[in-house]
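Everything in the sequence shown is counted per my numbering, starting at 28 for the first residue and increasing by one.
Quick reminder that beta carbons are idealized off the backbone N, C-alpha and C, glycines included.
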Amino acid sequence: PEEWVDADHYSTDPTDQMRYQVMRLAQRMPTLGIPEHPTGVVSLYDVTPDWIPIYDKSDLNGFYLAIGSSGNQYKNAPVAGKMMTALIEACEKGQDHDNEPVIYTLERLKRPLNVGFFSRNRAINEDSSFSVLG
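Take a look at the structure:
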């Protein structure tokens, strides 16, 4: 379940969700066992409400956003970087991305991608899986 926390003050203790995931894993891998005192790394990640990242300019002139990916977009970093470069160059040359979204051509697929799909101002995509895909 979604939980909003203060990024500067949050608990790093194992949660009920962690215990649940350990139980699920133990059912798939019985020899793994269930630790009496679970340990691990607990931290935060950012995600948008529909789990689709934001690649966009901001309302602050010259400040651009590549956020809300939950870390899932790490594998897409090379494309995201090139797409952000195209977005920044277009905006810095005066293109109004909010009203005339940048179209980025995917290098290998030779297909256009409307960068407005990732807009900070978009409506929540009700067709989203609301999870990590890929």
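Measure the alpha-carbon distance for residue i versus residue j and round it to whole angstroms.
i	j	result
L87	E116	16 Å
V68	E127	43 Å
K100	G60	The question names Lys, yet the displayed sequence has Gln at residue 100. Going by the C-alpha atoms only, they are around 32 Å apart.
M50	G121	54 Å
A104	T112	12 Å
Y131	N141	6 Å
R46	S146	36 Å
L6	K109	With the chain running from 28 to 161 in the structure shown, residue 6 is simply not present.
G89	V106	21 Å
P57	T42	22 Å
D73	L114	22 Å
K84	D40	36 Å
P62	D77	34 Å
Opposite residue i in the DSSP bridges: which residues?
i	result
P62	None, per the DSSP bridge assignment.
L92	D83
L133	R138
Give the range of the alpha helix (DSSP H) segment to which residue i is assigned.
i	result
P139	No alpha helix (DSSP H) holds P139; the beta strand (DSSP E) holding it covers R138 to N141.
Q48	D43 to R55
Mapping the DSSP letters down to three states, classify residue i as helix, strand or coil.
i	result
K68	Reading off the sequence shown, one finds Val at residue 68, where the question assumed Lys. Residue state, collapsed to three classes: coil.
D35	coil
V74	strand
Q100	helix
F144	helix
How would you write the range of the beta strand (DSSP E) that residue i sits in, first residue to last?
i	result
I115	Not the beta strand (DSSP E): I115 falls in the alpha helix (DSSP H), residues A104 to E119.
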